[in-house]
Structures are given as structure tokens and as C-alpha cells.
Amino acid sequence: LAALALCEAYGMTNDPRLRGPAQAAVEYTIRAQSAGGGWRYSPGQAGDTSVTGWQIQALMSAHLAGLKVPREVLSRATAFLDSVAGGNPTGSQYGYVSRGGTPAMTAVGLLCRQYLGWGVRNPGLVAGVEYLKQHPPRDIRKADDNRSMDIYYYYYATQVMHFYGGADWFEFWNPRMRDWLLNTQVTGSSPQAGSWSPDGTHTGNVGGRLLQTCLSLLTLE
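Okay, so the sequence shown: first residue is 551 according to the numbering used here, each after it adds one.
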């Protein structure tokens with residue numbers, strides 16, 4: 551996440567003071583990649599889809615900012631994604647450390663695939679988007695829609711849907727996601743006003759109000 555912030559800042563400002571630290575963060579990320587192409591919590595550890603997703607976001611931000619990211623690093627990352635790809639067709643769903651399919655890991659995997667070159671006509675992406683649409687944001691206009699928030703999932707799935715575009719984004723996903731987040735922001739004059747309360751998932755429990763708020767803002771953006 552620090553690498554992602556540095557690379558985004560450098561790409562947005564072209565501030566020469568940021569180039570060295572951003573490139574150093576990229577070099578660390580590259581050295582930490584496992585032989586199987588993924589990343590986890592220690593350098594060289596066999597990867598998981600969640601940690602790998604953050605690294606690919608950082609590396610692609612670096613690439614777009616004009617920093618040095620060797621092509622083979624991204625090729626190895628693609629090989630890792632292949633190793634955890636499931637669904638029908640293969641690549642439409644993703645597991646955590648092995649082939650499978652959960653909504654959150656599928657959202658991570660699909661976003662990585664988009665960054666690494668999958669277009670809107672790729673069969674895996676098309677089927678994957680349909681899978682994500684089976685787990686949409688709450689529609690606050692419907693009183694009987696009481697699904698719970700999982701900001702980690704929605705952060706990734708919203709990016710997938712945004713890049714996918716079309717009616718799936720403009721008509722189906724974005725209105726629900728936008729309205730739900732705006733409706734759940736803490737209002738009033740308390741010290742928590744403006745934030746989002748932890749959602750009860752692992753992400754919310756461990757990251758607390760700060761992480762919940764940051765991911766909510768990034769999702770809205």
C-alpha cells in the first residue's frame with residue numbers, strides 16, 4: 551500500500567523527489583515475489599491472491615508512472631493467477647491459494663487480469679462479471695435488501711465493474727454502491743462524523759474505522 555501511494559503520487563505530480571523512493575519500493579516488491587509468481591506476507595513466501603492483488607496494483611501504478619517494472623515480473627504474476635483460477639470458463643473465478651471461487655478473491659483476480667491485459671470481450675472476464683453481479687451492493691431503495699457490507703470485496707469488485715463499463719457499471723452497479731456508501735457514512739457532530747464504521751468482517755475488525763473509511767473513500771472515487 552505504501553508502494554501504491556508513492557507510485558500514484560509520483561505519477562500524478564512527476565515530482566522528482568518521489569521518483570527514487572517510489573522506484574525503491576518497486577524494487578523491494580520485485581525481490582519479494584515468490585518463485586510461483588505471487589506474493590504473501592514474507593518475501594519469497596508462496597503467494598495468495600489477496601496480497602498478490604495489492605502488489606499488482608502497485609506495480610501497474612509504477613508502470614503507468616514511467617517507473618521500471620520488468621516484463622517478466624508481470625509474466626510470473628500472470629502464472630500465479632493461472633494457478634488459482636477456477637470457474638467456467640477457467641479464469642472467471644479465483645481462490646485464495648488454490649483453484650476455487652469466492653466473491654472477494656474473484657474480484658481481486660479479475661481486477662488483476664484487467665490490469666494485465668484482459669479486455670471486455672475476454673470470456674473469463676465476461677463470466678466473472680456475471681458472477682460478481684450475483685453478489686451486488688445493497689439496493690437501499692428496497693426494504694427487504696439487508697445484505698451486509700464487505701468493504702474489501704466491494705473495493706475490488708467496484709473497480710472491476712468500473713473498468714468493464716457499460717450498463718453493468720452505469721445502471722446496475724454504480725447506483726447501488728454509491729448510494730449505499732453515502733447512506734452509511736457517519737453523520738452528526740460526533741468525533742466519528744465523516745467516517746465509516748467497521749463492517750464486522752476480518753478487514754473491518756482488524757483495520758478498524760481508519761481502514762474502513764479509506765477503502766470506502768477509494769471505492770467512492
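No residue lacks a Cβ here, since even glycine has one placed at the ideal position from N, Cα and C. Please read these numbers as outputs of a predicted model, since none were measured by experiment.
Check: Those residues which DSSP pairs with A635 across a bridge; Outcome: Y644
Check: T640 classed as buried or exposed, judged by whether at least 16 other C-beta atoms fall within 10 angstroms; Outcome: exposed
Check: Inter-stretch contact (C-beta, 8 Å, three-pair minimum) for the region 732 to 752 and the region 657 to 675; Outcome: no
Check: Runs of alpha helix (DSSP H) lying entirely within the region 558 to 621, each at least 4 residues, in chain order; Outcome: 566 to 582, 599 to 614
Check: S766 classed as buried or exposed, judged by whether at least 16 other C-beta atoms fall within 10 angstroms; Outcome: buried
Check: Length of the line joining the Cα atoms of Q742 and T763; Outcome: 10 Å
Check: C-alpha distance - L731 paired with L770, whole-angstrom precision; Outcome: 8 Å
Check: Alpha-carbon spacing of Y560 relative to G651, whole angstroms; Outcome: 35 Å
Check: Cβ-based burial, G587 [other Cβ within 10 Å; buried from 16]; Outcome: buried
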